[in-house]
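**Q**
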Amino acid sequence: MAKPTLLLIDGNSLAFRSFYALINQVDRFLSHEGLHTNALVGFNNLLDGIVDPFQPDLALVAWDAGKTTFRTEKFDNYKGQRDKTPQELVEQFEPLREMVALHGIKNYELPGYEADDIIGTLATKGATAGYAVTIVTGDRDMTQLVSDDITVWVTKKGISEVDHYTPAMVADVYDGLNPKQIIELKGLQGDTADNYPGVAGIGPKTAIKLMKEYHSIPELYARIDEMKPSKQKEKLIAGEADARLSRELATIDVDAPLAINLDDLKYQGIKYEELVPFYQHLDFKAQLVKLANMGYVISTSDEDTTNSNMTTVELDVRELSATNLTAIENLGSEVDFYLELDGENYHTAAPVAFVIGNQTNGYFASRDVELLIEDTPLKRILTDEQVKKNVFNTKALVVALSRLEINLVNVNFDLLLASYLLDTNDNQNDLGALAHENNFFAVQTDEEVYGKGAKFQIPAMDADLFEHLGRKALAIGSLAKPLFAKLAEHAQLDLYQTIELPLSFVLASMEIAGIKVDAERLLQMRSKMTERLAELEQRIYQQAGHEFNIQSPKQLGVILFEEMGLTPLKKTKTGYSTSVEVLEQMADVPIVESILMYRQLAKIQSTYIEGLLRVIHGSDSKVHTRYLQTLTQTGRLSSVDPNLQNIPVRVEEGRRIRQAFVPSKPDWVLISADYSQIELRVLAHITGDAAMQAAFRQDEDIHAATARRIFGLAEDAPVDAEMRRQAKAVNFGIVYGISDFGLAKNIGVTRKEAKAIIETYLNEYSGVRAWTEEIIEFAREHGYVETIAHRRRYLPDIKAKNFNQRSFAERTAMNSPIQGSAADIIKIAMINMQAALEEQGLEAKMLLQVHDELIFEAPAKELTQLEELIPRVMDSAVKLAVPLKVATHAGKTWYEAK
DNA sequence: TTACTCACG
DNA sequence: ACGTACGTGAGTAAG
């Protein structure tokens, strides 16, 4: 019969190991109450990974009771050099014990003794009583306890893996010595961590050699006369007292006066119900998901809201088919709806399955997408203005449904959008992950259910798929109320209801419309470019003396800075930097000129010509970008597949790419409309700076006006181009959260000069100075900053001890309200614009947004009307203390619409 | 996957 | 003294 088992865990050493394993991210493991949890996370994984599969009969976690032990009495410097335990760890000790208890394991500590001694004593007792003993620790010294009955598991780097020390393993690692002799080794070597000396000049190698010959320290000194005279012998004689003391200190006490017996250590098993609130307290999302999936009830209530929405994991999902369609006619006036696609690009991905329903009447799922298309109650609900829809990602759904010719209306709650507005930091595109962030755990992430990469697969079993989809719908439905409450608390209901949600529909139409790309034109460009690149390539090989991969910064670095002996001006993490700013400083070297040109053309070729050709839809010769509405930290949009917000414009070569963007119909034109200086106007508005506001009210050239101020010119003095250039850089710098270093680098002056310029600027625009100070103070006090439309950005690093992190947060505090308010404005303009076009019965369509610019296509005959309408709608989007200014340009291609 | 480079506002 | 401009996406190389 197998022996009963006793598991002994070294709490202190494992807590330290866990803590330091995640020390780099210590500030990322913070509970909502501000408790650090990195050691708790590591320790929890350890308990789950070891105790759970182990199912011991007896178990104990031993802790150190305090600083003074019998060892400090013998040697008052014991552990003397050790740094004070960091506060971030100290605060985790109490919860660690609580966690151990909830895992069904006894905690124990004994004043005057270390955890080692408690373990040593119980291990010995256990072995005698016939238990198979296992010790888990982060401290290899414990291997001195190893015997036939006692195995010691020592964590390796990263704590998740352990080495199993048996007598054979000890012999293997210590060159044939037995476990008890580890004490002798420590006696000779000492221990820097515990701060006891050993014999000066004896290290691990010598110690092992000596013990192989003399077996133990007492025997060594008994036989020391046998030793031939040597430096080593002298050291041993001089260090005898230290050796004997160190040996004593290294010896684990196996007879500590414990107040507990083996009987007290019965393993209780995990107390799941009690773990739920405990994990909630610590914000252990992943653990809560695990428990939810095991069927434990988790409340979604949040301590800081009054809402207490209890959700059980019981779920009612039925399969929907043509025969029971009538069931959904009785769902009522509010439904949760989710449509699963087989890919992330909703313009092309195929619908896989859907789920509809609500908590009151249950959920219905089906793989039969045809059910949506035909004239069924489903389609009627989705297109019914009277039925509220709760969804995840309105825009994706609108586009996907529009491909099925379903016009989705009356979206009430969008989980993705609402979560993004509440906290841009935890923007996730996975419904499950987002639900977890919002304390709803009865749903898994797609990765958990579908796998990822090559393993991605939608479950073949209806039951599995429908369960997952049902839970998604349930998550959406359950979170509507609490998230609306939070939006209200943040004064963001308006932002959600009048800006972001309507914008989803506007963006969907723009994406669906797409923009036509002249593939022929791109193909012409490509063949020309191929020739030019081939020529350049040959020239570069000649200049270098041999062939190499020009596109490899690593190989290029070797050519320039080793073979050709040029001076490297900047380094990256991995080697020499070969970026434009570096190469431009040595541009009179012929090969460098060639490389800069090659890079420019290669970029145009691969990213724009070939990149665009790849994404043109065969059906309509258009590209249909996707705007990511819930990604940026500032509230801007971003654009992918393709990115139409970074089409070249600054350099003529690249700008010609725009010749390939054309209207979708003959006799139509493209019109671009851009806000002039929107960010600086926003700056003038929110800082309330009188001088800057006056400049905009008088429609002055703002950069020239700034140049006059920072260079002390008269009000009507002419401003030369260089001064204007510098002033422009300063204006930009202010928007970015200026630093003297950044400005100096940008305009090529010394840091000191830059500092002086900034100082003058802030004196001249004193409202700006006051505001920058105020906004940083606001961020410190509230932990976030916001835009004119109450878009919020949290800045946890504003209080960071690390100078860099803190400085970055301070610059962000200045930049985000400006960039974000500009984003608010153009979003409002887009919604109004869409409405105005409809109202006026115009054929014109809004196609693209590029942060401060909108691009339309329209019949040429509407041009005159649009040239009045577009600027009027855009500049009246919001009322600021300064006017907004919009310029329009029209042409047969995007290139000409400048 | 990460680093580098470079396109845009 | 610290080491910096803000916000993005995509292609290529190389581990």
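Read left to right, the first sequence gives residues 1 to 898 (full-length UniProt numbering).
Every residue, glycine too, gets a C-beta built ideally from N, C-alpha and C.
#1: Excluding the 5 residues preceding and the 5 following GLU764 in the sequence, name in chain order all residues of the same chain whose CB lies nearer than 6 Å to its CB.
#2: So the candidates are GLU547, ALA353, VAL506 and ALA475; which of them puts its Cα closest to the Cα of MET461?
#3: Taking LEU683 and ILE734 to be in contact with their CB atoms under 8 Å, please state how far apart those CB atoms are, rounded to whole angstroms.
#4: For SER816, count neighbouring Cβ atoms within 10 angstroms of its own Cβ and tell me buried if that reaches 16, exposed if not.
#5: Is it buried or exposed for ASN393, if we count other Cβ within 10 angstroms and need 16 for buried?
#6: When you compare each of ALA396, ASN407 and ILE855 to LYS379 by their alpha carbons, which one comes out closest?
#7: Measure how close the beta-carbons of GLN181 and PRO204 come, nearest whole angstrom, since I'm counting them as under 8 Å.
#8: From this set, ARG140, MET723, GLN693 and VAL669, which residue's C-alpha is nearest LYS861's C-alpha?
#9: Identify whether ALA637 lies in helix, strand or coil by the three-state DSSP scheme.
#10: By the 10 Å Cβ neighbour count, where 16 or more other Cβ atoms means buried, how is ASN802 classified, buried or exposed?
#11: If you follow the alpha helix (DSSP H) that MET510 is in, where does it begin and where does it stop?
#12: Locate the alpha helix (DSSP H) running through TYR214, then write down its first and last residues.
#13: How long is the line joining the alpha carbons of VAL133 and TRP153, rounded to whole angstroms?
#14: Which residue comes first and which comes last in the alpha helix (DSSP H) that contains MET692?
#15: With a CB to CB cut of under 6 Å and the five nearest residues on each side skipped, what residues in its chain are close to LYS233?
#16: Just tell me which of ILE135, ILE381, ALA222 and ALA241 has its CA closest to the CA of ALA200.
#17: Can you name, in chain order, every residue of its own chain whose Cβ lies under 7 Å from the Cβ of ASN330, other than the five neighbours on each side?
#18: For the beta strand (DSSP E) containing LEU341, list its first residue and its last residue.
#19: Going by alpha carbons, who is nearest to LYS665 out of LYS622, ILE183 and ALA717?
#20: Can you tell me whether LYS570 is buried or exposed, with buried defined as 16 or more other CB within 10 angstroms of its CB?
#21: Measuring CB to CB, does GLN444 end up less than 8 Å from GLY451?
#22: So within the segment 453 to 482, which uninterrupted beta strand (DSSP E) runs reach at least 3 residues, ignoring any that extend past its ends?
#23: How about SER13 and GLY112: do their beta carbons lie closer than 8 Å?
#24: Could you tell me which residues DSSP pairs with residue 902 in its beta bridges?
#25: Which residue or residues does DSSP assign as beta-bridge partners of ASN390?
#26: May I have the straight-line CA-CA distance separating THR128 from LEU22, to the nearest angstrom?
#27: Please state the DSSP three-state secondary structure of TRP894.
#28: Under DSSP, the alpha helix (DSSP H) around ILE150 begins and ends at which residues?
#29: By DSSP's criteria, TYR108 is part of a beta bridge. Which residues make up the other side?
#30: Report the start-end ranges of each alpha helix (DSSP H) in the segment 83 to 107 that is 4 residues or longer and not cut off at the edges.
#31: If you draw a straight line from the alpha carbon of LEU854 to that of PRO642, how long is it in whole angstroms?
#32: How far does the beta strand (DSSP E) with HIS164 in it extend, from its first residue to its last?
#33: Does the segment 779 to 787 touch the segment 749 to 765, meaning 3 or more C-beta pairs lie closer than 8 Å?
#34: Do GLU679 and ILE818 have their C-beta atoms within less than 8 Å of each other?
#35: Looking at the ligand ADP, does it come within less than 7 Å of ILE182, judged from the CB to the closest heavy atom?
#36: Between the Cα of GLY575 and the Cα atoms of LEU320, ILE559, VAL51 and LEU601, which residue gives the shortest distance?
**A** In this structure, then:
#1: Taking the first residue of the first sequence as 1, we reach residue 764 at position 764. So the list reads ARG709, once near-sequence residues are dropped.
#2: Residue numbering aside, residue 461 sits at position 461 when the first sequence is read from its first letter. Closest by alpha carbon: ALA353.
#3: Here residue 683 refers to the residue found at position 683 when the first sequence is read from its first residue. Here residue 734 refers to the residue found at position 734 when the first sequence is read from its first residue. Yes, they are in contact, since the Cβ atoms of LEU683 and ILE734 sit about 7 Å apart, within 8 Å.
#4: Here residue 816 refers to the residue found at position 816 when the first sequence is read from its first residue. Looking at its Cβ environment, which holds 16 or more other Cβ atoms inside 10 Å, SER816 is buried.
#5: On the first sequence, position 393 is the one that residue 393 refers to. Under this definition ASN393 is a buried residue.
#6: Taking the first sequence and counting its residues from 1, one reaches residue 379 at position 379. Comparing C-alpha distances from LYS379 to each of ALA396, ASN407 and ILE855 shows the shortest one belongs to ASN407.
#7: Position 181 of the first sequence, counted from the start, is the residue given in the question as residue 181. Position 204 of the first sequence, counted from the start, is the residue given in the question as residue 204. With a Cβ gap of about 13 Å, GLN181 and PRO204 do not count as contacting.
#8: For the purposes of this step, residue 861 is identified with residue 861 of the first sequence, where counting begins at 1. It is VAL669 whose Cα lies nearest to the Cα of LYS861.
#9: Here residue 637 refers to the residue found at position 637 of the first sequence. This sequence places Leu at residue 637; Ala is not what is there. Three-state result, LEU637: coil.
#10: Position 802 of the first sequence, counted from the start, is the residue given in the question as residue 802. When all chains shown are included, ASN802 counts as exposed.
#11: Mapped onto the first sequence, residue 510 falls at position 510. It spans 501 to 513 - the alpha helix (DSSP H) in which MET510 sits, taken as one unbroken run.
#12: As a working mapping, residue 214 is identified with position 214 in the first sequence. Note, TYR214: alpha helix (DSSP H), 204 to 214.
#13: As a first step, residue 133 is located in the first sequence; it is residue number 133 there, counting from the start. As a first step, residue 153 is located in the first sequence; it is residue number 153 there, counting from the start. Using only the alpha carbons, I get a separation of about 11 Å.
#14: In the first sequence, counting from the first residue as 1, residue 692 sits at position 692. Start and end: 690 to 697.
#15: As a first step, residue 233 must be located in the first sequence, where it is residue number 233. Excluding sequence neighbours, LYS233 sits near MET227.
#16: Walking along the first sequence from the start, residue 200 turns up at place 200. Scanning ILE135, ILE381, ALA222 and ALA241 for the CA closest to the CA of ALA200 turns up ALA241.
#17: Counting from 1 along the first sequence, the entry for residue 330 is found at position 330. Closer than 7 Å at Cβ, skipping near neighbours: ASN361.
#18: As a first step, residue 341 must be located in the first sequence, where it is residue number 341. Per DSSP, LEU341 belongs to the beta strand (DSSP E) from 334 to 341.
#19: Within the first sequence, numbered from 1, the residue matching residue 665 stands at position 665. Closest option to LYS665, judged by alpha-carbon separation, among LYS622, ILE183 and ALA717: LYS622.
#20: Numbered from its first residue, the first sequence carries residue 570 at position 570. Taking a 10 Å sphere around the C-beta of LYS570, we find fewer than 16 other C-beta atoms and assign the residue as exposed.
#21: What you label residue 444 is simply residue 444 of the first sequence in a count that begins at 1. What you label residue 451 is simply residue 451 of the first sequence in a count that begins at 1. Their beta carbons are not under 8 Å apart, which means GLN444 does not touch GLY451 by this criterion.
#22: List check, beta strand (DSSP E) in window: nothing returned.
#23: As a working mapping, residue 13 is identified with position 13 in the first sequence. As a working mapping, residue 112 is identified with position 112 in the first sequence. No. Outside cutoff.
#24: As displayed, the chain neither begins before 1 nor continues past 898, which places residue 902 out of reach and without an answer.
#25: Here the question's residue 390 lines up with position 390 in the first sequence. Answer is ASP336 and PHE413, bridged to ASN390.
#26: Indexing the first sequence from 1 puts residue 128 at position 128. Indexing the first sequence from 1 puts residue 22 at position 22. So the alpha carbons of these two residues sit roughly 38 Å apart.
#27: Your numbering for residue 894 matches position 894 in the first sequence. Coil.
#28: For the purposes of this step, residue 150 is taken as residue 150 along the first sequence, with counting starting at 1. ILE150 -> not in any alpha helix (DSSP H); beta strand (DSSP E) instead, spanning 150 to 155.
#29: In the first sequence, counting from the first residue as 1, residue 108 sits at position 108. TYR108 has ALA62 as its beta-bridge partners, per DSSP.
#30: Restricted to the segment 83 to 107, the alpha helix (DSSP H) segments that are unbroken, complete and at least 4 residues in length are 87 to 102, listed in chain order.
#31: Taking the first sequence and counting its residues from 1, one reaches residue 854 at position 854. Taking the first sequence and counting its residues from 1, one reaches residue 642 at position 642. One C-alpha to the other measures close to 17 Å.
#32: Taking the first residue of the first sequence as 1, we reach residue 164 at position 164. If you look at HIS164, you'll find it in the beta strand (DSSP E) that goes 162 to 165.
#33: Touching, no, given that fewer than three Cβ pairs across the two stretches are closer than 8 Å.
#34: One-based indexing of the first sequence puts residue 679 at position 679. One-based indexing of the first sequence puts residue 818 at position 818. Going by beta carbons, GLU679 and ILE818 fall inside the 8 Å limit.
#35: The ligand ADP is absent from the structure shown, which contains no ligands of any kind.
#36: Position 575 of the first sequence, counting from 1, holds the residue named residue 575. Answer by Cα proximity: ILE559.
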